[in-house]
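Each remark here refers to the structure printed beneath this line.
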Amino acid sequence: MTQTYATVKDVTCPFCGLLCDDLTVQTNGPSAKVVQNGCAWAVAGFAQQPGTASASIQGRPCTVDLAIQRAVQILIGANQPLIAGLATDAAGCRAAMALAEKAGAAVDHLHGNAISSNAVVMQRRGWIMTTLTEVRNRADLVVLFGTDGDSVNPRFIERCLRPRPGMGRNRNRPRKVVFIGEAAEARALKRALPAALTITCRKQNQLDLLAALRALANGQPGSLPRSLAGKLPSLKRLAELLRSANYSVCAWAPGQLLPDQADIVIESICGLVTALNEHTRAAGLALGGSDGAVTAMNVCAWQTGYPLRVNFAGGAPEYIPSRNATDALLQRREADALVWISTFHPLPPPGGLHNIPRIVLAPPSRKLAGLADVYFPVSTPGVDAGGTMFRLDSVVGLPLRQVRSTSLPSAAEILNRISGKI
Amino acid sequence: MRINGVLIDNTFAEAFPMKATRLIITAITPKWAYRAANSLTGFASSVIGCGCEADIERELPPEETPDGRPGIAVIIFAMSRKQLIEQVSKRVGQSVMTTPTSACFAGSHSDDQIPLGKTLRYFGDGFQISKKVNGVRYWRIPVMHGEFLCQDTTGIVPAIGGGNFMVMAKTSRLGLAACECAIKAIRAVHGAVTTFPGGIVGSGSKVGSKYKFMQASTNEIFCPTLKGQVKSMLTEDIGSVLEIVIDGLNEAAIREAMRAGVKAVCKFGPRKGIYRIGAGNYGGKLGRYHFHLRDIMK
Amino acid sequence: MTPLSLTLRRNPFARIDMSPLTPDRLAGLGRDAIARIMLACGRQRIRVSELFDIAGRDASLLRIRRATVQLFRVGFQMQSGSVEIAGNAGDNLGERIQGGEIRVRGDAGEWVGASMLGGNITVQGNVGDRAGAALPGQLIGMKGGLILVVGNAGDRVGERMRGGTIVTLGDTGSYLACRMRAGTIIAMGRTGPHIGIGMRRGTLVMGRKPAAMPTGFRSAGALKMEFLRLLFKQLGTVQTRLALFRSFGPEAIRMAGDLSVGGKGEILVLLNGSQGQTK
Amino acid sequence: MLIKLTNGTIFDPVHRLDGEQRNIFMENGRIIRAPASTRKIDREYDISGHVVMAGGIDIHTHIGGGKVNIARILLPEDHQRDPVAPSPHRRGGSGHVVPSTFVTGHRYAEMGFTACFEPAMLPANARQAHMEMADIPIVDAGAYVLMGNDDFLLQLLSQGADQSLITDYVAWTIRATQALGVKVVNPGGISAFKFNQRRLDLDEQHAVYSITPRSILQSLCTAVHELGLPHPLHVHGCNLGIPGNDVTTLDTIAAVDGLRMHLTHVQFHAYGKEGDRKFSSGAARIAERINGSPNISLDVGQIMFGQTITASGDTMLQHREAKHAHPKKTVIMDIECDAGCGIVPFLYRDKNYVNALQWCIGLELYLLINDPWRIFLTTDHPNGAPFTSYPHLIRLLMDREFRLEMLAALHPAARAHSILSSLTREYSLYEIAIMTRAAPARSLGLHDRGHLGVGAAADVVVYRPRKNREEMFSRPRFVFKDGKLVVQDGRITDSPAGVVHRVTPEFDGSIERRLQRYFEKFHTVRLGNFRLGDDELLGYGRTALSTHPCRPG
């Protein structure tokens, strides 16, 4: 590798669902450094050292060919393989889907729970949604339910909420931001946006507040348990704001909601939005979508008709989201081989479970090589290789660039080679 | 044929096909169930002028009612399905729903269902609640006493109207005494009712009239005051004719009711002023069903 | 004819999709034909005869013995007949069942009677989450029939339910009757938080007072609900087990909601429910 | 490989072959002249008595891009009824109303279609649209880019910008998104809905930009004309689905003042408001006008009875339609100051007066418009019905007796309000070949597709002649794509990738400086990253970019 210094502008950051594409990255051969517009995640992500691990079988280095042979053996011998993690770009997802079909595997994503919470709500009632450029320009009221935004998508506030003025928005009406959720996040939001209004409550009580807010927004008296009754005046004010806003946006981050009620909360928010649209304009926005979650969902949907959690064990894709979830398949000991794809960070596969063969594709990491039965060091899309990913709003696809040169193969390459031999 | 000295005419009652449904009315006590039932069956003596014929069939103990409260079974007869639909919803709406604590259920089973709560529910003005229990739909209509509970539909069955017999007596007083006993006996028969006041008709009619606007008119050949003036069916000794008209859900019920009624009347015998039993018919040309008295009393 | 009985030979290593084995699908098949039916188990297809010992002939009464939680989708879309399960049943027991009867002596998994249309399911033991709930992508859950759980039930009993009756004699988890659209749930035991959230119509009868007034509900106070008399009497006629409800009077606290969705649902808390006797 | 199709009965309207017996030779993906008799034929198919046509071309079918994918996600219950297992030559997936990508390609090929065009690609979503289409095997693809509701254009218009600037912007957008044409949906209306306007008629003002749909339409039409794009502006007009919109459609035709224009899914725009139910057929008036307007082409957007899903950029319309959703779920999205999308599942019922009349209106249009070169066969997949209903639709057009039989089952009042029973026209095979092959190719500027002349791409379909045209067109004997046998007797035998069809109009680069400023000030994506490059597009898996020339006027 030659030592070459270069400054690359308008680089897309693959490390969260926002896919900010305004980064300036300075590269020097195998290393890259964000010098402009990088959040902490971007800075850390681009700074990950490429390392020089080789493929390995049970921790022992070997050639990629040999590792592929072993992976093929494992998958052929398995009765219910699971392809999970799936943290990669569109090409990686397409290759993973092809492998899943050939190997009769189930497919899920690292953030499968979050994606699924959104998807089941959409499949039950539909929703009215918006995208980042609309939020940035149009929204005169943004309500954040249970998320401060930046903790899931670090530059959300800077890029979408702070900029003023936007197109068509009344310049005399500054954008209002209201937060409902835990006190700690409320404080974090206040630091980023001092003008934000906050209504604090514990996560367990979010549903109660939402119910009261919906009643109020429908022009009905809202009621709350006695312990929360103090929140009613601020909810009344918020309901008034929602009814009088020209374009309000209600945002949530599915991964930050209590897992057992995430879909119920989301459905309530979507119900609120739908009701508001009878008279004014309002829309929802799902934050998060990191580690290629939205990309994986989209690719899986166009190839199978279902948004992840499909299973090819029976040939045609079968969609039983609760059964095909990573946790369910592992905990019930149904999966008997795991392909774990994590190309943005060397995340270990879900551990502490029963002992099934694990094929791991991740950036170079000695620790992972030790954990895996078969390990493939792969490139990180958007750093070591080009590619395409979808933003959290599920509409905008962005090109990823190669900003440093490594000799690592891409996850897609490895997966396609495995598929080719099954 | 004579029974206990009472002459049984060699004639028959001529009856017509009708449509009927049985309803079960329940309430907090039998008294209130009766109030609803009496109101519902009031002014329902004859289809000629009332739109339907209806009567209480019997009282039901709590074990026999759908909601475990005291109840009354009533049967409503009409000439057509359409007429029955109209009368059921009017009468249940005005008489049962308005009775405090009442509820109304279907009492006859059939594939042919007509609306009951299905139309009454709109009284709930959007607050009505539909509940399906064991595959049966009920409506809960919020009303001022609480909830008016009403089954969605009731089955309609083919039925027979116009089973009858005539009691020819010395005087009205003697005739009535016998007929009241007959009505008591008929009450015990399931599926048959007598829809006239007290179950007894004092002004039996024939079809048609010399006046064009009249559908029916007095049956002069059985009128004691017209003996001699018309071709009367009555002998000298008969001073009063009372008719008992029976509607039933089937032929058997009507035969059974006629038999019980005639039997009860005959017990009185000529000594108590009961001379003869006859029956009303139109020469057998109008009604599909013929109930021959001597046949029935065999 | 003796009932058709399938006795599981050994614990299967993965979940078995039992949907081909219902009384109506097996009707008229000889023992050999039944033995040859292939069941999906992960990527493999296994013959019925490899998994089960087969005895008896009359498929209208199917008995599954030594059943385990690996048996998935027992009674799937079944229309008639009866299935008796000795042991435990897995997830999606009686999914979309339209008629007939399923009885489980042990426990059953999640999604019991999910999106069911009719028929009768009785589980003597406990059941997992989402009994009578809507399957993913379906707008409505259970639409008809009866689920009786003698033991405890998990979360989201009757989620998006649109008809039929669920009776749980034991305790129930969180989100009981959430987004219910119609139908009746009778929960006699203790109940978890977030009752009736998003409920639009339907009736939830509770044997015990919930810990807190459900959000979005308003009380109409204690009333005589004559409807309960009808309900209990009628339930007693289908399931003798439910005849015990005849002892309840119609007194209940009526709460209406979920008002935040303009709901017209109701929660009826029985006042003289003799709680101790029900289990 | 040299392939010979021997003694087929050829229907090739471009070469005026109306059922003539010929041999066809193919080599290297092209149709070639009869080779010297000394050359060895590698593969010969005796197709005596069989009907031969070029591969079918669907000019308007929603097959790729965000809204289609949302539609897929929205209906798992529909997919579950039609699972497709993989087999050696085909990937699996799921079918019915919005099939997954692989299934889409295979089912099109199974009907003898070899090219499909996505009519509503949002610029902000172009990457996804192209990626999805790259996963549709066998068929060629291309897309029309959606304009006319993007704030940049509306700003230019409201500032009274020069037409040349707008033309440059249109060209830039086409190139940035790798499009083949330009479509406008409810001009200005999608944007107006974002500002809470619920209706926008042809001459009604947008609340913020103070311009009318008419001005947007005229300006885009002029731009397309000036750039010399082969395909005229593809127009989904105002007031879709609203009774009385037949007048809007006639006004729209008048508004472009003789410029070429393609009106899409006209069936949804041909509603009168006469009669007791205030809903009547406007087909006759519209057909008459179109017959006299050689500058206008159209596709019909026929509806068929059964479950489907409607996917449109027209959020204003779809939000209004949400109350009719079946099953009851709807997705509405405002997108990127660019456009929007609305997805509403729908069940068309033959016993419903409106639906039944919609069915009649579509067929009336087909039968009343004389020139098959200007009317194309579509169901506006999946809006009117899934594309898999084409063979049925072809039979309706070719077989009057069958048509009357179907008509007899409809809602009686709809039957009475339609002139359909009096229309005796039956399409000939030659006319079907025009409307499904030759005409769309000509309209789109695909000079080497849609015909069987020497040099054309070897997209060839061989049908067994059948009296029942539905059977005939649903199961061709052979389908060749670029000279490869891809379908034999309804079975997929190979799944090669098709090409992307596009145009690359020239423009004055100074528009980019203006766009750069706009993007930096308002957008959340950088201009450079917005653009979809050739290499990137090819990387998705298409075999080639087929660039069609523009002829600036």
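Protein chains in written order, with our numbering: chain A, -10 to 411; chain B, 330 to 627; chain C, 263 to 541; chain D, 70 to 622. Cβ coordinates follow ideal geometry from the N, Cα and C atoms, glycine included.
Of the candidates C/PRO512, C/LEU283, C/GLY525, the residue whose Cα lies closest to the Cα of C/LEU532 is C/PRO512.
Under the three-state reduction of DSSP, D/GLN149 is assigned to helix. Proximity of C/PRO398 to chain A, defined by a Cβ-Cβ separation below 8 Å, is satisfied. Around the CB of B/SER538, fewer than 16 other CB atoms lie within 10 Å, so the residue is classed as exposed. In the three-state reduction of the DSSP assignment, D/VAL568 falls in the coil class. Secondary-structure assignment with DSSP links C/ILE347 through a beta bridge to C/ILE326, C/VAL366. In the DSSP assignment, D/LEU584 falls outside any beta strand (DSSP E) and within the unbroken alpha helix (DSSP H) covering 579 to 591. Among the residues facing chain D, A/ALA374 is not included, as its CB has no counterpart in that chain under 8 Å away. For B/LEU449 and D/ALA356, the gap between their C-alpha atoms comes out near 51 Å. No Cβ-Cβ contact shorter than 8 Å links B/HIS619 with B/PHE372. Boundaries of the alpha helix (DSSP H) harbouring D/MET385: 384 to 390, taken from the DSSP string. Between the alpha carbons of A/MET118 and D/ILE378 lies a gap of roughly 19 Å. The C-beta of A/ASP97 comes no closer than 8 Å to any C-beta of chain C. Three or more beta-carbon pairs drawn from the stretch 51 to 60 of chain A and the stretch 357 to 365 of chain A are found closer than 8 Å, and the two stretches are therefore classed as touching. Nearest in C-alpha terms to C/MET517, of all of C/LEU492, C/GLY464, C/ALA505, is C/GLY464.
If you keep only unbroken alpha helix (DSSP H) runs of at least 4 residues inside the stretch 347 to 377 of chain A, you get 355 to 360.
By the beta-carbon neighbour count (other beta carbons within 10 angstroms, threshold 16), D/LEU332 is buried. D/GLY351 and D/GLY597 have their alpha carbons spaced roughly 46 Å apart. Any Cβ of chain C closer than 8 Å to the Cβ of A/ASP316 would place that residue at the interface, and such an atom is absent.
Annotation: Cβ neighbours of D/GLU146 in chain C (cutoff 8 Å, chain order): GLY399, GLN400. By the neighbour-count criterion, in which a residue is buried when 16 or more other Cβ atoms sit within 10 angstroms of its Cβ, D/HIS450 is buried. Counting only residues of its own chain and dropping the five nearest sequence neighbours on each side, D/PHE337 has a CB closer than 7 Å to the CB of LEU309, GLY310, GLY370. As computed with DSSP, D/LYS73 is found in a beta bridge with D/PHE94, D/GLU113. By the neighbour-count criterion, in which 16 or more other beta carbons inside 10 Å mark a residue as buried, C/ASP315 falls on the exposed side. Assignment of D/THR78 by DSSP, reduced to helix, strand and coil, places it in the strand class. Taken in chain order, the members of the stretch 93 to 127 of chain A whose beta-carbon sits within less than 7 Å of a beta-carbon on chain D are ALA108, MET111, GLN112, ARG113, ARG114, GLY115, TRP116, ILE117, MET118, THR119, THR120, LEU121, THR122, GLU123, ARG125, ASN126, ARG127. Residue state for A/VAL110 is assigned as helix, using DSSP reduced to three classes. Taken through DSSP and simplified to helix, strand or coil, A/GLN15 comes out as strand. Between D/VAL137 and D/GLU201, the C-beta spacing is below 8 Å. Given a length threshold of 3 residues, each whole run of the beta strand (DSSP E) inside the stretch 388 to 466 of chain D is given here in chain order: 399 to 404, 408 to 417. For the stretch 465 to 536 of chain C, the continuous alpha helix (DSSP H) assignments of 4+ residues that do not extend past its boundaries occur at 488 to 500, in sequence order. Residue state for A/LYS165 is assigned as strand, using DSSP reduced to three classes.
Sequence-distant partners of D/ARG150 (beyond 5 residues in either direction) whose C-beta falls short of 8 Å from its own C-beta, in its chain, are HIS165. For C/LEU492, at least one C-beta of chain B is nearer than 8 Å to its own C-beta. For C/PHE479, no CB of chain B lies under 8 Å from its own CB, so it is not counted at the interface with that chain. In this structure, A/ILE348 keeps its C-beta atom at 8 Å or more from the C-beta atom of A/VAL110.
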